[in-house]
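Chains as they are written, first to last, in this note's numbering: chain A, 12 to 320; chain B, 12 to 320. For each residue, glycine too, the CB sits at the ideal point set by N, CA and C. Here is the structure we will look at.
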C-alpha cells in the first residue's frame, strides 16, 4: 500500500473509570493525575476520570451505562430534570474532549476498561483506522506479558456509542481477567505499559519517524449469544461450560460444549466456526450476552508518517 | 480421644445469597428450590435465599452487611423505621432458622459464599465443633477437584456475627476465585459437590455409622493487614504484589513482596511467618483488609456416632 501522511497527533486523552467498578483505569488515571503527567515531549496529555459518581459507588454506572451514551443523537439530546446522570456526563465529556466529529476534538482518545473474561489485552475500535492499527502493531511488538489482540466493530462513527468515538482517533483498551471492584497489580502493569507505549508511539510519529506498513489479524464481531433462560422468569438456567470458560479467542466448533445447565446437562454449540470473546463478562448478564463471536480477518495498513507543514 | 455420642442431625438449612452478588449460592439454592429438594432420607432440608433484595440488585447488600448482623445483641435490637433492611432480614432469618442458641434452631446451617481470592474451597467456623470437623474430613476425603481447607475463627458464639451461627452447628462454605456477579460452572460444581457430601454425611451419621476420630490441619485467624493508604484521601496507594496475588495459604515470610505501589515500588512483608488468605477479596477494600493472616494448627477430634434413644 502507498505511503500515507497524516497530521500530527498532539493531543491525547487517557480516560478511566468510564465504568466505575473497572479499577485499572481508575487507578491509572488517579496515579497520572497525582504525578501531574500532562505532557510527554510533543504530546499533551489529558487524564479524565470519566464517571466519578460511579467510581465513588464502585458500580458500573448509577443511572445508565455511560459507555452507550456517545451516539450523535444522545450527545445532542436536550437535558431535562429526568435526564440520567450518565447522559449529562457524556455531554460534558463531549464538550471537554470533542465535540465528536469536530476539528476541536482530541487527536486520540484512549479509554481503559477491564473485563472478567480471560481476554488478555485487547484494543477495540470501530471502522478501520490506520493510526489505531499502527499503535496496535507497536504495542503487540513490545509487550510480552500477555497476548495482545485487536477487535473491530463494524459500526458507523455516528452510531458509535462509546467514549473513544469522541476523539479524532480512538480505541478502548480492554484487559482481563479482573473481577469488578478488584485491582490486580499484574493487570494494572499491563494497562500502564500499553498506555506508555501508545504515548511513546505518538511521540515517534510526531517527530517524523516512518512506520512500515504491514498486516495484522483482527477479530471482527459477528454476533452475540445469550444464556439459556427460563421463558417465564427470564432467569438463566445454565452457566458457561467449563470447557468454554476462560477460552476466549479459541475457535468454537459445532458440537463443542457451550453451556452447562444447573441440573448438569451440557448444551453444545451449533453454527459456523467462530472465535468467542467476552466469555462470561459480568456486566453482560443484564445485556443478555453470554459471549460474543467473531471471525478472524486480516487488515492491511500502509506505511505512515507525519505530514510536514 | 474417647468416643462421643451426639443427638441426630435431622434438620439442615442450606443458605445462599447472604451476599447478593456471590452467585454460586444464589443459583444453588434456586436450583434446589426448583427441584423441590426438601428431604434426603432422615434429613429435612430447608433452602433459603438469605438476602433477596441484594440478590435482585446484584450487590453484596443494600443497607448494611447482612452477614455481620447475627450477634445476640443485634438479633434482639428493637426494630424502628430507621432499622436497616438487612437487620430486619437477620431477625426474620433468626426466627425461621433459630432462634440462635435455642433448641428450636436447625441442627446444621450451611451458608454458601464466594470470594475473589484464590482460596479453593474452605469451611469457615467459629469455636471448635466436632460435627463440622467430621464433615470437613469427609468432604476433603471425597473431593479431588480443588484443595479443601478449614478456617477457624476464635469468636465466642454470642459475638459470632454471621448467619451460620444461628444453627446448633454451622459453617460457611467459601469458594473462589469467582468475581462478584459472575457464575462460573467449575465453582458451582464444587459448591454443589460439597453440599451434597454434607447431606450424605448427615444421613450416614443419623443412620448409626461410626466416624473415626483423627486430626486435621486448620488455619486459625491471627490478624488482618490493610492496604497502604494516602493519609489524607484514605485512598489505597498500592495493590497486592503479583507474587502474593493468588497465593492464598502459601507461607508468607519476612522480606517477601506484599504490595506494589502505583508508582512501582515493592513493599515487603515484615513480621512472623504466617499464612495469608482472603488475598485481594473484593468486599474487603471497604473493610480495610488487604488479606488475613493465619497460623496453622492441628485439631484433634474424637470418633462419633449418633446417640441412640
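Inter-residue distance for residue 88 of chain A and residue 121 of chain A is about 25 Å (C-alpha atoms, whole angstroms). A Cβ-Cβ distance of about 6 Å is found for the pair residue 62 of chain B and residue 29 of chain B, placing them in contact under the 8 Å criterion. Among the residues facing chain B, residue 274 of chain A is included, as its CB has a counterpart in that chain under 8 Å away. When DSSP states are grouped into helix, strand and coil, residue 22 of chain B belongs to the strand group. Interface criterion met: the Cβ of residue 42 of chain A is under 8 Å from a Cβ in chain B. By DSSP's assignment, residue 125 of chain A forms a beta bridge with A:186.
Near chain B, meaning a CB-to-CB distance below 8 Å, the residues of the stretch 195–216 of chain A are 195, 196, 197, 199, 200. For residue 160 of chain A, the enclosing beta strand (DSSP E) has its first and last residue at 159–163. Inter-residue distance for residue 66 of chain A and residue 192 of chain A is about 9 Å (C-alpha atoms, whole angstroms). In the three-state reduction of the DSSP assignment, residue 269 of chain A falls in the strand class. Close partners of residue 293 of chain B in chain A (Cβ separation under 7 Å): 190, 192, 193. DSSP lists B:235, B:288 as the bridge partner or partners of residue 303 of chain B.
The distance from the Cβ of residue 117 of chain A to that of residue 178 of chain A is about 5 Å, consistent with a contact at the 8 Å cut-off. Residues of the stretch 122–142 of chain B that bring their beta carbon within less than 7 Å of a beta carbon in chain A comprise 127, in sequence order.
The beta carbon of residue 181 of chain A sits closer than 6 Å to the beta carbons of 120, 175 from its chain, once the five residues preceding and following it are set aside; these are given in chain order. Three or more Cβ pairs closer than 8 Å define a contact, and the stretch 187–204 of chain B falls short of that threshold against the stretch 269–277 of chain B. If you draw a straight line from the Cα of residue 188 of chain A to the Cα of residue 187 of chain B, it is about 14 Å long.
Around the beta carbon of residue 311 of chain B, fewer than 16 other beta carbons lie within 10 angstroms, which makes this residue exposed.
Chain B has no Cβ within less than 8 Å of the Cβ of residue 184 of chain A. At a cut-off of 8 Å between beta carbons, residue 90 of chain A makes no contact with chain B.
Taking a C-beta distance under 8 Å as the contact criterion, residue 247 of chain B and residue 240 of chain B qualify as a contact pair. Sequence-ordered contacts of the stretch 248–272 of chain A with chain B read 250, 251, 252, 253, 256, 271 [C-beta pairs closer than 7 Å]. Boundaries of the alpha helix (DSSP H) harbouring residue 37 of chain A: 34–45, taken from the DSSP string. Cβ contact annotation for residue 74 of chain A (same chain, cutoff 6 Å, sequence separation greater than five): 95, 96, 97, in chain order. Note on geometry: alpha-carbon atoms of residue 113 of chain A and residue 83 of chain A lie some 12 Å from one another. Within a 10 Å sphere around the beta-carbon of residue 148 of chain A sit 16 or more other beta-carbons, which makes this residue buried. At a Cβ-Cβ threshold of 8 Å, residue 230 of chain A and residue 286 of chain A count as neighbours.
Less than 8 Å separates the beta-carbon of residue 54 of chain B from that of residue 217 of chain B. When the alpha-carbon of residue 14 of chain A is set against those of A:107, A:125, A:141, A:52, the nearest one is in A:141.
Your pair residue 127 of chain B and residue 292 of chain B checks out as a contact, with CB atoms roughly 6 Å apart and the cut at 8 Å. Contacts between residue 38 of chain B and chain A, judged by CB atoms closer than 7 Å, involve 273 in chain order. Taking the Cα of residue 289 of chain B as reference, the smallest distance to any Cα among B:105, B:125, B:27, B:266 is reached at B:125. Secondary structure at residue 145 of chain B: helix, using DSSP grouped into helix, strand and coil. Residues of the same chain with a CB within less than 6 Å of the CB of residue 58 of chain B, apart from the 5 flanking positions on each side, are 25, 40, 43, 44 in chain order. Between residue 196 of chain B and residue 190 of chain A the beta-carbon gap is near 17 Å, outside 8 Å, which marks them as no contact.
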